[in-house]
Each structure stands twice: as C-alpha cells, then as structure tokens.
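Q: My structure is below; once you've seen it, I'll send some questions.
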C-alpha cells in the first residue's frame, strides 16, 4: 500500500517538529556538547525554524495574500517593546545593542512568525487538527521520558536539564506537557469520551512528580475547574462539589501542610529535603525593580531595558546576588516584564490578554471549544511568578499557535459557513 503525505500535512508536521526542537528533543540532547560545525544547538534549531518559515513564505507567495489578523497589533506591539528595550538598556548602562538583542532573539523572531503561520492556516496550508494531535502525542511522550528520568535519577541521567539540588524536580518547563491536559479535557467536554481524560491524568503526573511547581499546579487546576463549570447541562450539585474540591486543592498546595507533605515524600523516596525561600528572593528582586523604575519618567514608561547577564553592568541592576542565589528575570513573572518594558509594556500585555479572553470566550460560546479559555486563565494566574511565553521558545510558539487557532476558528471557518 502506498502512503502519500501531502504538503499540507508536511507543513503541519514542520510546526510539531519545531516544538520538539525547541524543547531540545525531549531534553535528550546535551546542548553543552552539541555542535554542527561551528553552530551550537540553540543556533541550529533557530536557523532551521527561520529557514522553514522563510521558505514557506516564499513558496506560497504570502506577500500577495491578504488575511485578517486580529492579534497583529498586539504581536507588533510586543516586538516594538523588545526593540525599545534593546536601545533603553544601551542608553541607561551602556550595554551593547547586540547584547540586548541576543537574549530576545528567539522571542522576537517567533513572534514575527505569527504573520506567516496565521496566513498558512487561513489559506489551508497548515491543518490545525494535525498540529493538535501532534502536540498530544509529543506531550505524552515527553511526560513518559521525564517520569522515567525521575525514577532512574540515581542510576542514569539521560534528560539534560537543570535539576533541583535537594529534590528530584526537573526544570523542563515544557509547553507540550502542559497543553495536553487542556486539549484532553476540552475534547472530553466536547465529545463526552472518557478516553481523553487520559491526557489530563498524564499532565497531572507532570505537575506533581516532574515539575512540582505549586503555582503551576494551582493555575492548571483552576483552569480545568473553569472549563468544567462551563460545561453544558451541569447540575448545581456538581458545580458546588467542583468548587469545594478546587478550593480544597488550592488551599492545600499553598499551605504549610503541603510543604511538610512534600518534604516527607522527598525523604521517603529520595532521602533529600527542600528548603529554599524563593519568595524572599523574589521580594528582594521586586523591590529593586520598583526602585529602578522610579528613577525617571523614561524608565517608568519605557522600562529599564533587557539586561544581558553576560554584561558586567547588569550585576548592579537586574542580576544582583542575594545570599547564594541571584535575582533573575525568569522567576519574577510580570514584575520582571514591567521592569524591562515599563508601564508601556504593562499596557500592551493588558490589552493583549483582554483580546485573548475575548476570543477564547467567543470560541466557547460559538464553537463549544473550551481549551483556549482554560489555558488563558492558567497563564493569567501564572503571571505573578512565571511568564513562560516571554522566556521559553516553545511557549512563545504555543502562544502564536493559540492566537492563530482562535482566529482560524472564529474567522476563517465562520466565513466558510456563511
């Protein structure tokens, strides 16, 4: 039997392939030793991604195609913010423009890819259902690989990622692992097929055993709860039970009892303990960020620019030592974002998330599709400490796909039905 793979499928598989590349092929690749001629891993996947996007743009002559882009102004604003931050940091502390651009390179160009991916989906050159199914498969595979690593950590290490010194926690920060729970629960609510709950269970394994982030777990649980509460024909009794369950889970994971429970598990299975006061470090960082933002109207409005840890001047601004730890942008969520981009950046994010909520709600009401709304709610809760969409390539691409997905469902498919 001859199997034919059309160009539409290949284009869709390319997007899935890029997600895998961005997560270091399930973090099985040691990026410290990886080299192709003079290229390290980060530059290799970046060039492959950009080459693919450019080739698709040229092949389908997308410059001649006009497509409605609801989020184009938001994406453009985020890109402009990044450019301003490069100049701002050069003006304030003399950081070279190239050093301000380097840590934002992936973020900027992935955002730029929105304009190509949006057109490809609208013109039926990428199948969003193929991408969704690919994410489900790769997400499950990711969790299995990471779960095996956690259980075999004392014998072999094949997942190359930062591991907490005192606990068996892998900092993979995987978009593919998280999104499968929302996609699976959405499928279950839409089709009432219990097999899709498997993806929810797998995602919770990731949260509880691999990632072990309380805020991330709380955000996911609350996102799931809202999706379930919005389910059609849900009785009042079930709503009350869900609310009580969610409140109980959120209270528990943010209590001292959870800390003791986690300590007990670590001691029982891994003979280790936790014990780093990350909240105290974050408070020091946020106080310092506010102090620097208030230095002048320019810093308050446009931010303090994007600091490169490799530049010596940032040791007295964004990357200050606090005991044995160091203040960083990654762990300070929206506070770090505002520090870099100022109140202008805050206003852009508020407008962007408003439109994300608006589109996700319309998608639920019109198409009975739940996952975008649950996912955006989860992202909103995470903002306090975590902005993966800003500093993790796969999450940035995930946001691009989310926007394109919602636009396609709300604009392209509705136009076809008229």
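Residue numbers (this note's numbering): 43 to 460. Using N, Cα and C, we set each Cβ at its ideal position, and we do this for glycine too.
Could you give the residue range of the alpha helix (DSSP H) that holds residue 152?
A: Its alpha helix (DSSP H) spans residues 147–164.
Q: Taking the beta carbon of residue 393 as the centre, do at least 16 other beta carbons fall within 10 Å, making it buried, or is it exposed?
A: Classification for residue 393: exposed.
Q: Using CA atoms only, rank isn't needed, just tell me which of 171, 166, 92 and 188 is closest to residue 252.
A: The option with the nearest alpha carbon to residue 252 is 188.
Q: Going by beta-carbon coordinates alone, are residue 450 and residue 163 separated by less than 8 angstroms?
A: It is a contact, given that the beta carbons lie within the stated cut-off.
Q: If contacts are defined as beta-carbon pairs under 8 angstroms, then residue 257 and residue 426 qualify, I think. What distance do you get, rounded to the angstrom?
A: About 7 angstroms; that satisfies the 8 angstroms criterion.
Q: Name the residue from 342, 355 and 391 whose alpha carbon lies nearest to the alpha carbon of residue 142.
A: The residue with the shortest Cα to Cα distance from residue 142 is 355.
Q: Below 8 angstroms, can you find three or more Cβ-Cβ pairs linking the stretch 196–204 to the stretch 241–249?
A: Counting Cβ pairs under 8 angstroms, fewer than three are found: no touch.
Q: In the stretch 169–226, which residue ranges form an unbroken alpha helix (DSSP H) of at least 4 residues, counting only runs that do not cross its ends?
A: Within the stretch 169–226, the complete alpha helix (DSSP H) runs of at least 4 residues are 170–193.
Q: As a quick exercise: from 174, 93 and 92, pick the residue whose alpha carbon is nearest that of residue 414.
A: Comparing Cα-Cα distances from residue 414 to each of 174, 93 and 92, the minimum goes to 174.
Q: If you drop the 5 nearest sequence neighbours on each side, which residues of the same chain put their C-beta closer than 6 angstroms to that of residue 254?
A: Here the set comprises 211.
Q: How about residue 180 and residue 268: do their beta carbons lie closer than 8 angstroms?
A: Not closer than 8 angstroms, so no.
Q: Please go through the stretch 85–145 and give each complete alpha helix (DSSP H) segment of 4 or more residues, from N-terminal end onward.
A: The stretch 85–145 contains these whole alpha helix (DSSP H) runs: 114–135 and 139–143.
Q: Would you call the CB atoms of residue 68 and residue 94 closer than 8 angstroms?
A: Not a contact, by the Cβ cut-off of 8 angstroms.
Q: So, residue 398 versus residue 382, is the Cβ gap smaller than 8 angstroms?
A: No. Outside cutoff.
Q: How about residue 51 and residue 169: do their beta carbons lie closer than 8 angstroms?
A: Result yes, Cβ atoms of residue 51 and residue 169 sit closer than 8 angstroms.
Q: Nearest by alpha-carbon distance to residue 229: which of 411, 148 and 440 is it?
A: Residue 411 is the option with its Cα nearest to residue 229.
Q: My understanding is that residue 261 touches residue 452, with C-beta atoms under 8 angstroms, so please give their C-beta distance in whole angstroms.
A: Contact flag wrong, Cβ pair sits at about 25 angstroms.
Q: Let me know if residue 167 comes out buried or exposed under the rule of 16 or more other beta-carbons within 10 Å of its beta-carbon.
A: Looking at its Cβ environment, which holds 16 or more other Cβ atoms inside 10 Å, residue 167 is buried.
Q: Please classify residue 309 as buried or exposed, where buried requires at least 16 neighbouring CB atoms within 10 angstroms.
A: Low confidence applies to residue 309: its pLDDT is 45, below 50, so where it sits in the model is not reliable, and the reading given next is rough at best. So residue 309 counts as exposed.
Q: CA-CA distance, residue 64 and residue 384?
A: So the alpha carbons of these two residues sit roughly 28 angstroms apart.
Q: Check each candidate in 407, 270 and 404 and name the one with the smallest Cα separation from residue 234.
A: Answer by Cα proximity: 270.
Q: Assign residue 433 to one of two classes, buried (16 or more other C-beta atoms within 10 Å of its C-beta) or exposed (fewer than that).
A: It is buried - the Cβ of residue 433 has at least 16 other Cβ atoms within 10 Å.
Q: Rounded to the nearest angstrom, what separates residue 132 and residue 70 at their Cα positions?
A: For residue 132 and residue 70, the distance between alpha carbons rounds to 37 angstroms.
Q: Pull up the distance between the alpha-carbon of residue 217 and that of residue 439, whole angstroms please.
A: Computed Cα separation, rounded: 9 angstroms.
Q: Going by other Cβ atoms of all chains shown within 10 Å of its Cβ, with 16 needed for buried, is residue 340 buried or exposed?
A: Classification for residue 340: exposed.
Q: Within its chain, find whatever has a CB closer than 7 angstroms to the CB of residue 224; leave out the 5 residues flanking it on each side and keep chain order.
A: Excluding sequence neighbours, residue 224 sits near 265, 413, 416 and 417.
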